[in-house]
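Numbering (the working numbering), first residue to last: 32 to 209. Cβ coordinates follow ideal geometry from the N, Cα and C atoms, glycine included. What follows is a single structure, written as structure tokens, with notes after it.
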């Protein structure tokens, strides 16, 4: 019927085709970059908890719709961004730089002195131990949904090894997102 060489060639061609399809699906969003939202249903991905028990996780696949040059403030987009890129988007400013620009937290004037910016990048020390703690772990925090005036209690806290948590009550409880 078929010789070993013919079977090997056909098998190689099929494997090459499958690899091309997987590569195209995994990273080849082409002209669709920036369209859509991060994973549908992301808001239901976890449940608020005290500590880290009882949470459901986001899919580890790359998040559609977040680009490294994008500007994000919402819970789902920020979580997807820091999970994918490991750092905050460009629309975040440290407390130090904000103060240098004239920010006074008691006045709620960040949007006046740093228009379009949110506070983020400070180290979160996890003193109460609600988040996983292991040697070499460091945590960074940032504001969520800041649109102006005084900062709210919503934060994303993310680790140097890919964990991402949300707190809607200023660190009293956490929801694991990634």
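Of the residues 188, 192, 193, the one whose Cα lies closest to the Cα of residue 206 is 188. Restricting attention to 121, 108, 148, the CA atom closest to the CA of residue 179 is found in 148. By the neighbour-count definition (other C-beta atoms within 10 Å, threshold 16), residue 190 is a buried residue. Less than 7 Å separates the beta-carbon of residue 199 from that of residue 185.
Here DSSP, grouped into helix, strand and coil, assigns residue 144 to helix. Rounded to whole angstroms, residue 182 and residue 139 show a C-alpha spacing of 7 Å. Taking C-beta atoms under 8 Å as the contact rule, residue 123 and residue 96 fail to qualify, at a distance of about 18 Å. The residue from 173, 202, 137 with its alpha-carbon nearest to that of residue 105 is 173. The beta carbon of residue 99 lies closer than 7 Å to those of 116 in the same chain, with the five residues before and after it left out.
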